[in-house]
Amino acid sequence: MQTNPLLSSLESVAFMAALVLYLICAALYFIYAGTRKEWAGKAAWWVLLAGFLIHTVRIAVRGINAGRLPMTNQYEFASAFAWGIALCFLIFVKKFKFDALGVFVAPLIFLVIGYASMQSREIHSLMPALQSTWLGFHVSMAIIGYGGFGVAFGVSLAYVLRGKLGGLSHRVPEEKTLDLIIYRAVALGFLFLTMCMITGAIWAKRAWGSYWSWDPKETWSLVTWIIYAIFLHLRLRRGLTGRKAAVFAIVGFLCVIFTYVGVNTLLSGLHSYR
Amino acid sequence: MEDKTTLQPQNNSVNGTARKLLRFLRGMPFSFILLGFIIAACVAGSVIPQGGSAALYTQRYGASWGGLICWLQLDRVFTCWWFIALAALLCLNLILCSVSRFGAVRRAWKSAGEKTWGVWGSWLTHLGLLLMIVGFAAGQFLAREAVVYGIAGSTQPLGDTGLMVTIDKFEVALRPDNTVEQYTAALTIANAAGETQSGAASVNHPFDAFGYSFYQDSMGWANYVDIKKDGQLVKTDLICAGEYTFPDDQPSLALMFNKFYPDLIRQPDGSFATASPQLNNPYSLYSIYFDGSMVAMNLAEPGQPIPVHNYEFTMYDPVEYTLIVAKSDPTAWLVGVASAVLLAGLFLSFYVRPWEENRRKQHADESAPQLP
Ligand code: HEM
Numbered sequence: 001m002q003t004n005p006l007l008s009s010l011e012s013v014a015f016m017a018a019l020v021l022y023l024i025c026a027a028l029y030f031i032y033a034g035t036r037k038e039w040a041g042k043a044a045w046w047v048l049l050a051g052f053l054i055h056t057v058r059i060a061v062r063g064i065n066a067g068r069l070p071m072t073n074q075y076e077f078a079s080a081f082a083w084g085i086a087l088c089f090l091i092f093v094k095k096f097k098f099d100a101l102g103v104f105v106a107p108l109i110f111l112v113i114g115y116a117s118m119q120s121r122e123i124h125s126l127m128p129a130l131q132s133t134w135l136g137f138h139v140s141m142a143i144i145g146y147g148g149f150g151v152a153f154g155v156s157l158a159y160v161l162r163g164k165l166g167g168l169s170h171r172v173p174e175e176k177t178l179d180l181i182i183y184r185a186v187a188l189g190f191l192f193l194t195m196c197m198i199t200g201a202i203w204a205k206r207a208w209g210s211y212w213s214w215d216p217k218e219t220w221s222l223v224t225w226i227i228y229a230i231f232l233h234l235r236l237r238r239g240l241t242g243r244k245a246a247v248f249a250i251v252g253f254l255c256v257i258f259t260y261v262g263v264n265t266l267l268s269g270l271h272s273y274r
Numbered sequence: 275m276e277d278k279t280t281l282q283p284q285n286n287s288v289n290g291t292a293r294k295l296l297r298f299l300r301g302m303p304f305s306f307i308l309l310g311f312i313i314a315a316c317v318a319g320s321v322i323p324q325g326g327s328a329a330l331y332t333q334r335y336g337a338s339w340g341g342l343i344c345w346l347q348l349d350r351v352f353t354c355w356w357f358i359a360l361a362a363l364l365c366l367n368l369i370l371c372s373v374s375r376f377g378a379v380r381r382a383w384k385s386a387g388e389k390t391w392g393v394w395g396s397w398l399t400h401l402g403l404l405l406m407i408v409g410f411a412a413g414q415f416l417a418r419e420a421v422v423y424g425i426a427g428s429t430q431p432l433g434d435t436g437l438m439v440t441i442d443k444f445e446v447a448l449r450p451d452n453t454v455e456q457y458t459a460a461l462t463i464a465n466a467a468g469e470t471q472s473g474a475a476s477v478n479h480p481f482d483a484f485g486y487s488f489y490q491d492s493m494g495w496a497n498y499v500d501i502k503k504d505g506q507l508v509k510t511d512l513i514c515a516g517e518y519t520f521p522d523d524q525p526s527l528a529l530m531f532n533k534f535y536p537d538l539i540r541q542p543d544g545s546f547a548t549a550s551p552q553l554n555n556p557y558s559l560y561s562i563y564f565d566g567s568m569v570a571m572n573l574a575e576p577g578q579p580i581p582v583h584n585y586e587f588t589m590y591d592p593v594e595y596t597l598i599v600a601k602s603d604p605t606a607w608l609v610g611v612a613s614a615v616l617l618a619g620l621f622l623s624f625y626v627r628p629w630e631e632n633r634r635k636q637h638a639d640e641s642a643p644q645l646p
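Order-wise, the sequence lines are chains X and U. The first sequence begins at 1 in my numbering and counts up one residue at a time. The second sequence begins at 275 in my numbering and counts up one residue at a time.
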C-alpha cells in the first residue's frame with residue numbers, strides 16, 4: 001500500500017520512544033519498589049504519561065498514514081491494547097492514589113507493547129470486510145475492556161503478593177481498598193467487554209449476515225465474559241472478596257490473554273476463521 | 275437467590291421437597307453449575323473441530339476418544355441436545371430468580387432514596403440476558419438462508435423463497451496496488467406478485483428487500499464454453515470455476531473448469547499463480563473426464579480449442595460471477611433489544627447503584643433503604 005515515508009519513519013520513531021519510555025517507567029517502578037525512593041514513583045508516573053502521549057501520537061500518525069483506524073492487525077491491536085492498559089492505569093492511579101500499582105501494571109504494558117514490536121509493522125490495505133465503522137467501535141471497546149481487566153490483574157497481583165513485598169507493602173493500600181479497586185476495574189472491563197461483543201456481533205451481522213457463529217474467538221470471549229460474570233456474583237452473594245477474588249481476577253485475565261493471542265496461534269489451525 | 279420469602283410451615287414432605295427444589299432452581303449455586311458446564315462446552319467446541327464426520331474424529335483422536343467425542347456430541351456441541359438443555363435451564367434459573375426478586379427490587383426502588391434507579395441494574399441485566407438467549411434460540415429455528423450466484427444480467431429463483439434475483443451489474447473496485455477495495459452487486463429482487471425492489475449489495479452493506487438481507491458474499495470467474503462435434507456447434511454453456519459441462523449426446527465426456535488465472539505467472543517453485551486480478555495474461559486450468567476418470571489436465575487461453583476425439587471444447591470470454599447470500603433473521607431485532615437492556619442493566623449496576631463504600635455506610639445506618 002502507498003504510504004508516506006516521512007510519516008512512516010515518524011511513526012517508527014514514536015513507537016520506539018514509547019517502548020523505551022514504558023521500559024524506563026517499569027524500571028523506575030522497580031527502583032521505587034526496591035529502594036522506597038519516593039521520587040522514583042513520582043518520576044515513573046510522569047515517564048508513563050510521556051510514553052502514553054507519544055504512543056497516542058504514534059497511533060494518530062499511523063491512522064493518518066493508513067487512512068483508517070489503525071486497529072486491524074496483530075501489531076496495531078497489540079499496540080492499542082498496551083495503550084488501553086496505560087490509559088486505564090493512569091486513571092486508576094490518580095483516582096485511587098495508588099502509585100505502587102505501577103510496579104505491577106507497568107511491566108505488563110511493556111510486555112504487551114514488546115509483543116507488538118515483534119509483529120509485522122507493514123501497513124496493508126484492508127480487505128472489504130474489515131472496512132467497517134462497527135469494527136472501529138468493536139476494537140475500541142475491546143481496548144478499554146482489556147485495559148480494565150489489565151488493571152484488575154495488576155491490582156490482584158498486588159493483593160496476592162501483598163505480604164511478600166517487603167518494603168513495598170506499606171505503599172500498597174489496605175486490602176479493602178484493593179478489593180474495591182479490583183471490583184471497579186473488573187466492572188469497567190466487563191461493561192466494555194459486553195459492548196465489544198455486541199458491536200462485534202453487529203459488525204458480523206452486517207458483513208456476513210450472522211451475528212454469532214461460535215467461532216473460537218467468539219466462543220472464548222464468551223468464556224471470558226462468563227468467568228467475570230461469575231466473579232461479580234461470587235463477590236456479591238458468596239462474599240468472595242479478598243484473596244480469592246484476586247485469584248479469580250488473575251484467572252480471568254489469563255483467559256483474556258488466551259482469547260487475544262492463544263486463539264489465533266493455537267486454535268486457528270483447527271478452525272477456519274470465517 | 276437466597277431470599278427469605280415466606281417459608282410457611284410445611285404440611286408434608288413432598289411439599290417441602292418441592293419447595294427445596296424451587297429454591298435450588300432459582301438460586302445462584304445452580305447458575306454456577308450451569309455456567310460451569312457451558313464453559314466446558316465452549317472449551318470443547320473451540321478445541322475440537324466442529325461438524326466433521328465420525329471418521330475424522332477416530333482418525334484424529336483414536337478410536338476410543340473419537341468414539342467418546344461423538345457419543346458426547348462434542349462434534350457439534352453448540353447444537354446438541356444437552357447444550358440446548360443447559361441454555362433452557364439457565365433461562366429457567368433466570369426467570370425464577372427474576373420473578374422472586376421482582377418484589378424486593380420494586381420495594382427498594384419505591385422506598386425513595388438517591389439513585390434508586392440503580393437497584394434495577396442487576397434485574398435488567400438478567401432480563402437482557404434472558405431475552406438474548408430466547409432471541410438467539412428462536413433465530414436458530416426461524417432464520418432462513420438461500421444462495422444464488424451468477425454473472426451480470428442473469429436472473430434466478432432464490433431457493434424456495436418465491437423470490438427472483440436479477441444480478442444487474444457486478445463490479446470489483448480495485449485500488450492502484452491491485453488490492454480489492456470493494457465488491458458491489460446491483461440487484462433487482464422480484465416477488466411472486468411481480469413487485470420489484472432494486473439496490474446494491476456490497477461487503478458490509480447488505481441490501482434489504484422483501485424481508486431478506488442480500489449479502490455480497492464472494493466472487494469467482496466463469497467461462498463461456500462452446501462444444502463442437504465434427505466441427506458443428508452443438509452446445510454453448512456458461513460454467514463457473516469448479517463446474518463442468520458435457521455434450522448432451524455424450525455425457526460421459528466432460529470438461530471441468532478448475533481454476534482461472536487472470537494474469538498467469540509461473541512461480542520459482544514451478545507452481546502457477548496470478549500476478550494481479552487484471553486480465554493481462556488470462557488462462558483457465560481445465561481437466562477432461564471420460565467415464566468418470568480424468569484423462570487430461572492443462573491450461574488454455576480464452577478462445578483456444580481443446581480437441582477430444584471428434585469433439586472440441588472452447589472456453590472464451592471469461593467473466594466474473596458473484597455469489598449472493600440471502601438471509602432472513604426474524605428475531606435479530608429481539609437480540610438487539612436484549613443487548614440494549616443488558617447494557618442498560620450493567621450500567622445501572624455498576625455506575626448508578628450506590629457504590630460499595632456507600633453500601634457499607636447504608637448497612638451501618640439502619641434507616642437507609644436496603645438493597646435487594
Ligand atoms: C451469565 C449470566 C449472568 C450475568 C452476566 C449476570 C450479570 C449480573 C450482574 C452484572 C450483576 C450486578 C453485579 C454487580 O453489581 O456487581 C448481577 C447481579 C445479580 N445476579 Fe446475575 N447475571 C447472570 C446470571 C445470574 C443468574 C442465573 C442469577 C440467578 C440465580 C443471577 C442472580 C443475580 C443476583 C441475585 C444479583 C444481585 C445482586 C445484588 O444486587 O446484590 N445472575 N448479575
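Cβ atoms here follow ideal geometry from the backbone N, Cα and C, with glycine treated the same way. Just so we're clear, the structure is a prediction, and the values are computed from it rather than from any experiment.
- Chain order gives the chain U residues near ILE226 of chain X as LEU309, ILE312, ILE313, where near means a beta carbon separation below 7 Å.
- CYS25 of chain X has its alpha-carbon roughly 15 Å from the corresponding atom of PHE15 of chain X.
- Counting C-beta atoms within 10 angstroms of its own C-beta, PRO450 of chain U has fewer than 16 neighbours from the protein chains shown and is therefore classed as exposed.
- For PHE444 of chain U, the secondary structure class from DSSP, reduced to helix, strand or coil, is strand.
- Residues of the segment 152-176 of chain X with a Cβ closer than 8 Å to any Cβ of chain U: none.
- Secondary structure at GLY301 of chain U: coil, using DSSP grouped into helix, strand and coil.
- Sorting X:PRO128, X:VAL151, X:GLU122 by C-alpha distance to the C-alpha of ILE109 of chain X places X:VAL151 at the top.
- The segment 608-627 of chain U and the segment 522-535 of chain U do not touch, with fewer than three beta-carbon pairs separated by less than 8 Å.
- Contact residues of the segment 206-217 of chain X toward chain U are ARG206, ALA207, TRP208, GLY209, SER210, TYR211, TRP212, TRP214, ASP215, PRO216, LYS217 (C-beta to C-beta distance below 9 Å).
- Chain order gives the chain U residues near THR219 of chain X as CYS316, GLY319, SER320, where near means a beta carbon separation below 7 Å.
- One Cα belongs to GLY63 of chain X, the other to LEU130 of chain X, and the distance between them is close to 15 Å.
- DSSP places MET127 of chain X outside any alpha helix (DSSP H), giving it a letter other than H or E.
- Taking 8 Å as the Cβ-Cβ cut-off, the segment 471-487 of chain U approaches chain X at SER476, VAL477, ASN478, HIS479, PRO480, SER487, given in chain order.
- Under the three-state reduction of DSSP, PRO107 of chain X is assigned to helix.
- Under DSSP, ASN555 of chain U forms a beta bridge with U:ASP537.
- The segment 541-621 of chain U is shown to contain whole beta strand (DSSP E) runs of 3 or more residues at 546-548, 557-564, 567-574, 579-582, 585-602, in chain order.
- The Cβ atoms of TYR557 of chain U and ALA528 of chain U do not sit closer than 7 Å to each other.
- When C-alpha distances from ASN554 of chain U are compared across U:GLY566, U:ALA447, U:GLU575, U:ALA612, the shortest belongs to U:GLU575.
- In the assembly as shown, PHE192 of chain X is a buried residue. Its beta-carbon has 16 or more other beta-carbons within 10 Å.
- Interface with chain U (7 Å Cβ-Cβ cutoff): ALA100 of chain X is excluded.
- According to DSSP, PHE488 of chain U shares a beta bridge with U:PHE481, U:ALA600.
- Here ILE358 of chain U is exposed, its C-beta having fewer than 16 other C-beta atoms within 10 Å.
- Counting other Cβ atoms within 10 Å of its Cβ, PRO581 of chain U stays below 16 and is therefore classed as exposed.
- Around the CB of ALA337 of chain U, fewer than 16 other CB atoms lie within 10 Å, so the residue is classed as exposed.
- Considering only beta carbons, the part of the segment 186-200 of chain X lying closer than 8 Å to chain U consists of ALA187, LEU188, PHE190, LEU191, THR194, MET195, ILE198, in chain order.
- In the displayed model, MET141 of chain X falls within a helix according to three-state DSSP.
- Taking 7 Å as the cut-off, the Cβ atoms of VAL477 of chain U and PRO128 of chain X count as close.
- Taken in chain order, the complete alpha helix (DSSP H) segments of 4 or more residues contained in the segment 375-439 of chain U are 395-416.
- Of the residues X:PHE190, X:THR56, X:CYS196, the one whose Cα lies closest to the Cα of GLY252 of chain X is X:PHE190.
- In the DSSP assignment, LEU7 of chain X falls within the unbroken alpha helix (DSSP H) covering 5-35.
- In this structure, DSSP gives LEU368 of chain U a helical state, which the three-state scheme calls helix.
- One Cα belongs to ARG350 of chain U, the other to ARG418 of chain U, and the distance between them is close to 20 Å.
- A Cβ-Cβ distance of about 37 Å is found for the pair ALA606 of chain U and GLY340 of chain U, leaving them out of contact under the 8 Å criterion.
- Contact note: GLN552 of chain U does not reach chain X at a C-beta cutoff of 9 Å; the least C-beta distance is about 16 Å.
- Rounded to the nearest angstrom, the gap between the Cα atoms of GLY242 of chain X and PRO5 of chain X is 52 Å.
- Counting along the chain, the unbroken beta strand (DSSP E) around SER472 of chain U starts and ends at 470-476.
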